[in-house]
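Before any comments, here is the structure.
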Amino acid sequence: MGHYTDAPEDNLLGLTSKESLNEQEALGVATVERYLLEEVDYPVEFSVALVQELHRRAFGHLYDWAGQWRRTVPNVGAYVPPAAERVPQLLYEWADEVRHRQQQLPLKPTAAQVAELLAYTHHRLVAIHPFTNGNGRTARLVTDLLAYSYGYQAVVLYQRTHGEARTQYLAAIRQADDYELRPLQQLISAQLRPLA
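For any residue, its number in the numbering used here is found by taking its place in the sequence shown, counting from 1, and adding 83.
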């Protein structure tokens, strides 16, 4: 799945370059990361509304559709996301499954158990691709939210400046598309660090 940013004319700030848009999107994500660390009381009740809120907080300063489900099928490279009309149902089923998996965890889950939950949660959100833009960043925010919930630091799956890590991440996502979550789980496991 590739990185696609809306055309510059689609933003609320009147930015005219993709670089400026990417900077603003990154600032929005950083703001939400601070919110997750400093303002959220854990544990949180995982829900679709929470995912919408995270997206709205990250991108609401840029896009009027932030936090709203997409109405079209976006261009995501070779991957074709589900039809827009299926997004709400798929998200509610996904959130139910995440909560079910959380309930199945022991009171103090192992890092491997947390990584398995994070891999499932992250991949399914990326696969559903519920928003017009910002799906990968939102999936990473949701992954971090759950990591924090279980006493771990943010999970840095790749840095935009490090191509090899991003290539490994995208390969793991493609394998997860084929129902093989282990590579993504391994990437996440390698990044799980207890909160200090």
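Idealized CB from N, CA, C, for every residue including glycine.
Any non-hydrogen atom of the ligand NAD closer than 7 Å to residue i Cβ
i: R153; result: With respect to small molecules bound, the structure shown includes none, and the ligand NAD cannot be examined in it.
Three-state secondary structure assigned by DSSP to residue i
i: P277; result: strand
i: G111; result: helix
i: L270; result: helix
i: P91; result: Caution applies to P91, whose pLDDT of 48 falls short of 50 and renders its modelled position unreliable; the value that the coordinates give is listed next. Helix at P91.
i: S103; result: helix
i: A167; result: helix
i: L190; result: coil
i: L174; result: helix
i: R184; result: helix
i: M84; result: Its pLDDT being 41, under 50, M84 is placed unreliably by the model, and the measurement read from it follows with that caveat. Correct three-state label for M84: coil.
Counted within 10 angstroms of its Cβ, other Cβ atoms place residue i as buried (16 or more) or exposed
i: H183; result: exposed
i: P164; result: buried
i: P171; result: exposed
i: L120; result: exposed
i: G111; result: buried
i: L95; result: exposed
i: L278; result: exposed
i: Y189; result: Checking the sequence, you will find Pro at residue 189 rather than Tyr. Exposed is the call here.
i: R276; result: exposed
i: D227; result: buried
i: T197; result: The sequence shown places Val at residue 197, not Thr. It counts as buried.
i: N216; result: buried
i: Q107; result: buried
i: R223; result: buried
i: N158; result: exposed
i: A166; result: exposed
Sequence-distant residues of the same chain with beta carbon closer than 7 Å to residue i, five excluded per side
i: W264; result: For the record, residue 264 in the displayed sequence is Leu; it is not Trp. Only A202, Y203, H206 meet the Cβ criterion.
i: L270; result: L240, Q251, Y252, A255
Cut-off 6 Å between Cβ atoms - residues of its own chain near residue i, not counting five sequence neighbours on either side
i: S280; result: Outside the shown range of the chain (84 to 279) lies residue 280, about which nothing can therefore be said.
i: P266; result: A255, Q258
i: R220; result: V112
i: V181; result: F129, T204
Close beta carbons around residue i, own chain, < 8 Å, minus the five adjacent residues each side
i: R169; result: none
i: G97; result: none
i: D93; result: Y146
i: A230; result: V197, L201, Q236, A237, V238, L275
8 Å contact criterion, which residue i and residue j should meet: CB distance rounded
i: L208; j: V225; result: 6 Å
i: R139; j: A132; result: Rounded, the Cβ-Cβ distance is 10 Å, inconsistent with contact.
i: Y162; j: D260; result: 7 Å
Quiz item: At which residue ranges does the stretch 192 to 264 contain complete alpha helix (DSSP H) runs of 4 or more residues, listed in the order of the chain?
Solution: 194 to 211, 218 to 232, 246 to 260
Self-check item: Residue ranges of each alpha helix (DSSP H) within the stretch 117 to 163, 4 or longer
Solution: 131 to 142
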